[in-house]
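Note sheet for the following structure.
There are 2 protein chains.
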Amino acid sequence: MLSKKTKYGIKALTFLARQNSRKPVQIATISKSENISVKFLESILLTLKKNGILGSKKGSGGGYYLLKDPKDVPMTLVMRVLEGPIAMVPCVSLNYYEKCDDCPDEGTCAVHRLMIQIRDNSLKVFRNTTLADLAN
Amino acid sequence: MLSKKTKYGIKALTFLARQNSRKPVQIATISKSENISVKFLESILLTLKKNGILGSKKGSGGGYYLLKDPKDVPMTLVMRVLEGPIAMVPCVSLNYYEKCDDCPDEGTCAVHRLMIQIRDNSLKVFRNTTLADLAN
DNA sequence: TAGTATCCTACTAAATCGATAGGATAATTA
DNA sequence: TAATTATCCTATCGATTTAGTAGGATACTA
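Below is the structure:
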């Protein structure tokens, strides 16, 4: 299951990408438009900021804004920041590889073989999709 | 993340598929070979049985066995039984569709659009992979 | 009828999820 | 400079899920 954090994060980013200008947008504005709890959204936007996807400005007229052009924000980045590794098991993860302690041989492991295919296909989708594609 | 339940379930099924005969195999045997807690495995095999994938026999010489030829067991079935819906959000699920209460229009929803692609690709993999493929 | 192995229910510790609370900090405006 | 605004940050919390464990009931075999 996709976490609400990721779901809301993607919605918020798309909302920002659909904006005409790149002026800061307040949390409250996004929250209202996308039906997301203000406080929860706040924490999500904060992690997006900490990971270099969003910029922010404090005070009156402040808010969050995209740091890059939507077409330069691949969904691989967004997914990794919000949801974590794209792979369903650590032993097939490109960026967070970890050996399974119960599995003596990855070469003969059925789960490993199956999940590599899933990872490759998901990766293809996320790599080929940018924020611009989602914003339409 | 793939749950251990699903991971162990796939491993157990593959173990059974690799067996020469279709004679019942005891939980303890699979447990030892695949490094899975006996009790946890027990509950997994039970749900696989309840969902028509495995058969069982009680008493001495008993155990679990595949009900169908491995090549007739698609991974879609296994995944749905063990892990649940293949889609990452209910609003793109084929078998367990549910409308998001926060989302006014699926047509313009970025998450919806993205997750349909992921679902389609995962579905393709799971449909085209049978237990026989994993057992080699 | 003793032994074996599945069947079934209930319980639990730990982790994660989806928030919420409340104050600190920084920028703007009057 | 003082008030206002809006992000920043830490901490907490209830509910749910996960990954098991315990222990007895049932059914089959020898």
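Top to bottom, those sequences are chains Z and D.
If you want our numbering, it's the 1-based position in the first sequence plus 53.
If you want our numbering, it's the 1-based position in the second sequence plus 53.
Every residue, glycine too, gets a C-beta built ideally from N, C-alpha and C.
DSSP three-state label for residue i, please.
{"i": "residue 183(Z)", "result": "strand"}
{"i": "residue 117(D)", "result": "strand"}
{"i": "residue 142(D)", "result": "coil"}
{"i": "residue 78(D)", "result": "strand"}
{"i": "residue 147(D)", "result": "coil"}
{"i": "residue 123(D)", "result": "helix"}
{"i": "residue 136(D)", "result": "coil"}
{"i": "residue 158(Z)", "result": "coil"}
{"i": "residue 174(D)", "result": "helix"}
{"i": "residue 168(Z)", "result": "helix"}
{"i": "residue 85(Z)", "result": "helix"}
{"i": "residue 128(Z)", "result": "helix"}
Using the beta-carbon count (16 or more within 10 Å), is residue i buried or exposed?
{"i": "residue 56(D)", "result": "exposed"}
{"i": "residue 157(Z)", "result": "exposed"}
{"i": "residue 64(D)", "result": "buried"}
{"i": "residue 179(Z)", "result": "buried"}
{"i": "residue 128(Z)", "result": "buried"}
{"i": "residue 147(D)", "result": "exposed"}
{"i": "residue 113(D)", "result": "exposed"}
{"i": "residue 168(Z)", "result": "buried"}
For residue i and residue j, what's the separation of their Cα atoms in angstroms?
{"i": "residue 121(D)", "j": "residue 115(D)", "result": "18 Å"}
{"i": "residue 102(D)", "j": "residue 108(D)", "result": "6 Å"}
{"i": "residue 76(D)", "j": "residue 181(D)", "result": "27 Å"}
{"i": "residue 61(D)", "j": "residue 89(Z)", "result": "37 Å"}
{"i": "residue 188(D)", "j": "residue 81(Z)", "result": "53 Å"}
{"i": "residue 133(D)", "j": "residue 138(Z)", "result": "22 Å"}
{"i": "residue 119(Z)", "j": "residue 186(Z)", "result": "15 Å"}
{"i": "residue 87(D)", "j": "residue 165(Z)", "result": "14 Å"}
{"i": "residue 91(D)", "j": "residue 66(D)", "result": "15 Å"}
{"i": "residue 35(Z)", "j": "residue 150(Z)", "result": "Absent from the structure is residue 35(Z), since the part of chain Z shown begins at 54 and ends at 189."}
{"i": "residue 99(D)", "j": "residue 85(D)", "result": "18 Å"}
{"i": "residue 59(Z)", "j": "residue 136(Z)", "result": "6 Å"}
{"i": "residue 125(Z)", "j": "residue 70(Z)", "result": "11 Å"}
{"i": "residue 152(D)", "j": "residue 159(D)", "result": "9 Å"}
{"i": "residue 140(Z)", "j": "residue 176(Z)", "result": "9 Å"}
Strictly under 8 Å for the Cβ-Cβ distance: is residue i near chain D by that measure?
{"i": "residue 180(Z)", "result": "no"}
{"i": "residue 32(Z)", "result": "Chain Z is shown only over 54 to 189; residue 32(Z) falls outside these bounds and no answer can be derived."}
{"i": "residue 134(Z)", "result": "no"}
{"i": "residue 58(Z)", "result": "no"}
{"i": "residue 163(Z)", "result": "yes"}
The beta strand (DSSP E) spanning residue i covers which residue range?
{"i": "residue 107(Z)", "result": "107-110"}
On the DSSP letters alone, give me the boundaries of the alpha helix (DSSP H) that residue i sits inside.
{"i": "residue 100(Z)", "result": "91-103"}
{"i": "residue 59(Z)", "result": "57-71"}
State yes or no: is the beta carbon of residue i nearer than 8 Å to at least one beta carbon in chain Z?
{"i": "residue 175(D)", "result": "yes"}
{"i": "residue 142(D)", "result": "yes"}
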